[in-house]
Each structure stands twice: as structure tokens, then as C-alpha cells.
Amino acid sequence: MKKLLVVGLMMSGLAFGQVKKDTLEKEYKLEIAPADQVEKKQKPNPLSKKGQVFVFYGWNRGAFSNSDIHFTGNGYDFQLNNVSAQDRPTKFGIVYFDPSWFTVTQYNFRVGYFIKDNLALVLGIDHMKYVMDQNQTVNFKGHISDPEYAAMVQNGQVNLADEKFLTFEHTDGLNYENLGLEKYKNLIHKKNIDLVWSYGAGIGFMFPKSNVKLFGNERSDRFHVAGMGTDIRSSLNLVFWKNWMLRVEGKAGYINMWDIKTTLNNKPDKARQDFVFGQVLAGIGYTFNTKKYK
-15 MKKLLVVGLM
-5 MSGLAFGQVK
5 KDTLEKEYKL
15 EIAPADQVEK
25 KQKPNPLSKK
35 GQVFVFYGWN
45 RGAFSNSDIH
55 FTGNGYDFQL
65 NNVSAQDRPT
75 KFGIVYFDPS
85 WFTVTQYNFR
95 VGYFIKDNLA
105 LVLGIDHMKY
115 VMDQNQTVNF
125 KGHISDPEYA
135 AMVQNGQVNL
145 ADEKFLTFEH
155 TDGLNYENLG
165 LEKYKNLIHK
175 KNIDLVWSYG
185 AGIGFMFPKS
195 NVKLFGNERS
205 DRFHVAGMGT
215 DIRSSLNLVF
225 WKNWMLRVEG
235 KAGYINMWDI
245 KTTLNNKPDK
255 ARQDFVFGQV
265 LAGIGYTFNT
275 KKYK
């Protein structure tokens, strides 16, 4: 019986020792697991993750619908109907790249911050230019007390070609200061190239410097808040070398300005108008992460 007891104890000790050895081997193997099996926090795709930021600078071409412009002031209250206008792009040259002249061109600036994955809050400045077509005859409705300018109205119309009656521009410029929300979606992801599509909408205020000369008065030329605007937009963004970005954007919107300065008199001389606009812009930007990734 004693021999059987001794043999049993020896067998149990051997089994316990083998289990302990196997357990140690497993733990050791876990500790020295290959590095490529350890999960790493990867750097996210550009224009995709909360905390990312981008800045952008570019240039635009704009188009505007015809609009009715209503003028009021001392001795007059009238409306010019269906007035046409164009933008005025600066001729391509060094002015597009000289920082001291950057406000001369029709430019766009953006800074965006991703408040959540694939959703950015974007602050923008759209410096467009609006120039009334001078060579046009428009319908007139209202009254003018000054006989010289009242005589320019013939059969309910006025010819603007000689510039004596009116010149009307927002050329320094038609400034749309806006805040937008944009949704982003990665279309192509390669080692050094990403193609990202975005769409969104914005709203903001109009801060024009309107160059207006009415009835031979001294030209009004002052920055001021004249109204508001809203827009929808979509863009394609080509991100290369991980951070640099080429952006092409299309935008359509509505502008309503009810306080356009027309003379140097603050009150009561002013004009109001509303119109639809379209814009195509392109330029270069830079995107980066505000969070660190291994």
C-alpha cells in the first residue's frame, strides 16, 4: 500500500509540473508575440477624422442672375428692372501670386475643422466682383424730382450707356463672409494620393465695397455690412504627399442686400437688390492633424 501511495504522489507531481511548464510556455509565447501582430494606431486618411484641419486659397469665376435694383434718397424713389451684370476677373499675371496684391483678384479663402469624422465646419471668404453691364437699356418705375435726370427716362426706360445716370459695381468686392458645414467622403485611397468628395451648405453676411456713382454724385466707396447670403456647394479634393491639396469647387447661392451705399450720405440714400449667383473656384491647400498618431 505504501508503495502504491508513493507511486501515486510521484505521478501527480509529474503531471502538475507538466501543466505548470505548459502554462509558463504559453505565457512566455504571449509576451514575445511578433511585432506585426501587435495592433497599432494608424494615421487616418486626410479630410476624414475629427480634429483634422485644412486651409485653402484659390481664385474664382462668378455669374449672376438679372436683378431689380431699388434706389431711394432725397428727391427720388425708383426701381431699375431686370438689370444684368458680370464678374470682372483680373488678367492673369504676377498679381495672382504677389501677397501685396492678393485682394485685387477674385479670390477665395477657407479654413476648415473636422468637428466629427467626415464632417467639417468651414469658415470662408468669397471675394467676388459684380459689375453692372453699362451698355443696356432697362425698364424704369418710380419718380425723380431732378429734371435733368428725370428727362433721361424715355417711355418708361432709361439708357445707362453714357454713365451719366448710374454706374454700379461691387468690385472691392462682392464679399461673402460665410460659415458652412461640409460632409466628406474618400473616393480613392492610395499610398500618396487621395481623392475626396465633399458637399454642404453655408450662410453668411455680405460685406461689400460698392463703387456706385448716382446722378453725378461723388462715388460711394465704403466697406459695410449690406445684407446676407446663403449657398450650397460641392468640391473635389486631390490630396498628395499626405498633406498638400488641390481643390475644385462649385457653388450656387442667393444674395439679398438691403443696405447698399449709393452716395456719401449715410441716410437716406441707399439701394437694395437680390439675385442668384453661381461660382466655380480652384486653388491649393494644406491639411494636417491636430492629434498625434503613431
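Throughout the sequence shown, residue numbering follows the numbering used here, covering -15 to 278 in sequence.
Yeah, the Cβ is synthetic: ideal placement off N, Cα and C, and Gly gets one too.
Legend entry - Test item: CB-CB of G251 and D243 under 8 Å: Here residue 251 turns out to be Lys, not Gly, going by the sequence shown. For K251 and D243, no; Cβs fall outside 8 Å.
Inset, instruction - Compute the Euclidean distance between the alpha carbons of K5 and K276, then round it to the nearest angstrom. - result: Low confidence applies here, because K5 scores a pLDDT of 46, under 50, leaving its location unreliable and the question unanswered by this model.
Legend entry - Three-state secondary structure (DSSP) of G267: Three-state result, G267: strand.
Legend entry - Contacts around D215, its chain only, beta-carbon distance under 6 Å, and the 5 residues preceding and following it disregarded: A distance below 6 Å between beta-carbons, with the five flanking residues on each side excluded, links D215 to the following residues of its chain, in chain order: G186, K235, G237.
Inset, instruction - Go ahead and pull the three-state DSSP assignment for T247. - result: Coil, per DSSP.
Inset, instruction - Could you check what DSSP says for V209 in three-state terms: helix, strand or coil? - result: It is coil, neither helix nor strand.
Legend entry - One or two residues paired with M241 in a DSSP bridge: M241 pairs with G211, Q257.
Legend entry - Nearest-angstrom Cα separation, counted from F259 out to I268: Going from the Cα of I268 to the Cα of F259 covers about 29 Å.
Inset, instruction - In angstroms with no decimal places, state the Cα-to-Cα distance between F98 and V180. - result: Roughly 14 Å between the two C-alpha positions.
Legend entry - Inter-residue CB distance, L105 and G96 (contact presumed, cutoff 8 Å): Their Cβ separation, rounded to whole angstroms, is 7 Å, which keeps L105 and G96 in contact under 8 Å.
Inset, instruction - For K125, I'd like the list of residues in its chain whose CB is within less than 6 Å of its CB, leaving aside the five on either flank, ordered along the chain. - result: Within the same chain, Q63 come within 6 Å of K125 by CB-CB distance, once the 5 residues on both sides are set aside.
Legend entry - Straight-line gap, N240 to H154 (C-alpha atoms, nearest Å): So the two alpha carbons sit approximately 13 Å from each other.
Legend entry - 6 Å CB neighbourhood of F38 in its chain, flanking five on each side removed: Annotation for F38: G96, G269, T271 place their beta carbon closer than 6 Å to its own, counting only its chain and skipping 5 residues before and after.
Inset, instruction - Name the two residues that bound the continuous alpha helix (DSSP H) containing A185. - result: Segment 177 to 190 is the beta strand (DSSP E) holding A185; no alpha helix (DSSP H) there.
Inset, instruction - Kindly give me the distance between the Cβ atoms of S182 and S218, rounded to whole angstroms, as I take these residues to be in contact under 8 Å. - result: Between S182 and S218 the beta-carbon gap is near 7 Å, inside 8 Å, which marks them as a contact.
Inset, instruction - Just mark I53 as buried or exposed, buried being the case when its beta carbon has 16 or more other beta carbons within 10 Å. - result: I53 should be labelled buried.
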